[in-house]
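Contents: one structure, followed by commentary.
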Amino acid sequence: MTIALPADAHTLENGLIEIARKAGAAMMAIYQTDFEVRSKDDASPVTEADDAAEAVILPGLRALTPDVKIVSEESAAKGDVPDVNGDTDFFWLVDPLDGTKEFIKRNGEFTVNVALIAKGQPVLGVVYAPAIDKLYYGGPDGAKLIEGDADPKTTEIRVRDMPEDGVVVVGSRSHGDPEAMKAFLGDLAVKELRPAGSSLKLCLVAAGEADLYPRLGPTMEWDIGAGHAVLKAAGGVVENMDGSRFLYGKADFRNPFFIARSPSVPVKYEG
110 MTIALPADAH TLENGLIEIA RKAGAAMMAI YQTDFEVRSK DDASPVTEAD DAAEAVILPG
170 LRALTPDVKI VSEESAAKGD VPDVNGDTDF FWLVDPLDGT KEFIKRNGEF TVNVALIAKG
230 QPVLGVVYAP AIDKLYYGGP DGAKLIEGDA DPKTTEIRVR DMPEDGVVVV GSRSHGDPEA
290 MKAFLGDLAV KELRPAGSSL KLCLVAAGEA DLYPRLGPTM EWDIGAGHAV LKAAGGVVEN
350 MDGSRFLYGK ADFRNPFFIA RSPSVPVKYE G
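Numbering of the sequence shown is given in this note's numbering, commencing with residue 110 and proceeding in unit increments.
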């Protein structure tokens, strides 16, 4: 089914990339300083970089699509949540700084995440990792990786077929249950278990550098919406543990456990 976007696809792509780069620059300005770390009500960490990135993204999106509502992590933490659900025509889903723990550790594996959701599904999104200068974009015309800013190199990306020598499985660098992962993988031939931060895990599958990302722990919709958009545009899938369709616009924006993968990788569903 073809979805009529709220603006021209080329305009949305260029606008999103520009917004993500500006938000990344705001984050990096703080990354170089001796920044403070605070705790939110749920005890998760937050820094001034989260707020600085959001302060760039929200007005940028409002200028790009004035009539589209925005759900953003830091605003939601303050109680500012628009009325959206799985039937909403369009809404933006924003994580200004995904991977705050990675930001604090200064390992470079943190990202700007912005996704456009339509009727419960991601239709386009951008994941930008400013510290390593990698920007992933996914939309109606496919997925791409853009490296560099002044003289960017653009590569079309696509999920790969399952390797004969075993799959590369990505998992969270800061979260995760090794025993649950082992049980889920069962007798699947695994070549490598690779830790990674933030939504880069989804992008590694999208780029054919990994094959499977089982998330056996809590996440929020804004954590994965943009990465899902990239993976979907690259031919991959995100699904619930029973194989059903993964949806956005849930009442509390909390995700169930999920599986992100290349369609060629077999998995055992629950139930």
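Think of the CB as a built atom: it goes at the ideal place given N, C-alpha and C, for glycine as much as any other residue. Please read all numbers here as calculations on a predicted model, not as lab measurements.
Identify, in the order they occur along the chain, each residue of the same chain with its Cβ nearer than 7 angstroms to the Cβ of residue i, setting aside the five sequence neighbours on each side.
i      : result
Gly352 : Tyr378
Met271 : Asp320, Ser371, Ser373, Val374
Glu256 : Asp242, Lys243, Lys262
Val299 : Gly275, Val276, Val278
Do residue i and residue j have their C-beta atoms closer together than 9 angstroms?
i      : j      : result
Tyr245 : Gly336 : yes
Leu340 : Val374 : no
Ser308 : Asp204 : yes
Val276 : Ala319 : yes
Leu125 : Val235 : yes
Ala134 : Glu163 : no
Ile112 : Pro239 : no
Ile266 : Leu254 : yes
Pro115 : Thr174 : yes
Leu170 : Ala338 : no
Glu218 : Gly317 : no
Does the beta-carbon of residue i have 16 or more other beta-carbons within 10 angstroms, so that it is buried, or is it exposed?
i      : result
Gly251 : exposed
Lys262 : exposed
Arg354 : exposed
Arg130 : buried
Glu301 : exposed
Ser371 : buried
Thr220 : buried
Asp207 : buried
Asn222 : buried
Gly295 : exposed
Gly345 : buried
Arg269 : buried
Asn364 : buried
Please list, in chain order, all residues of the same chain as residue i whose beta carbon is under 8 angstroms from its beta carbon, the five residues on each side excluded.
i      : result
Val155 : Val146, Arg147, Ser148, Lys149, Glu183, Ala186, Thr209
Val180 : Val190, Pro191, Val193, Phe200, Trp201, Leu202, Val203, Glu330, Trp331, Phe362
Ile213 : Val146, Pro154, Thr156
Met290 : Val278, Gly280, Leu302, Pro323, Leu325
Does DSSP classify residue i as helix, strand or coil?
i      : result
Val159 : Residue 159 is actually Asp in this sequence, not Val. Reduced to three states, the DSSP call for Asp159 is helix.
Phe293 : helix
Glu348 : strand
Ala319 : coil
Ser181 : strand
Ala298 : coil
Pro372 : coil
Val193 : coil
Leu325 : coil
Glu211 : helix
Ala238 : strand
Leu254 : strand
Tyr245 : strand
Lys131 : helix
Asn222 : strand
Ala342 : helix
Note down, in chain order, each residue of its chain lying with its Cβ closer than 6 angstroms to the Cβ of residue i, except the 5 sequence neighbours on either side.
i      : result
Met350 : Phe366, Glu379
Chain C beta carbons: is any one of them nearer than 9 angstroms to that of residue i?
i      : result
Asp204 : No chain C is part of this structure, which consists of one protein chain only.
Could you tell me how far apart the beta carbons of residue i and residue j are, in whole angstroms, since I believe they sit closer than 8 angstroms?
i      : j      : result
Asn194 : Gly334 : The Cβ separation is near 15 angstroms, so there is no contact.
Leu228 : Asp176 : Per the sequence shown, the amino acid found at residue 228 is Lys instead of Leu. That pair is no contact at about 16 angstroms.
Ala161 : Tyr140 : Actually they are not in contact, since the Cβ atoms of Ala161 and Tyr140 sit about 10 angstroms apart, beyond 8 angstroms.
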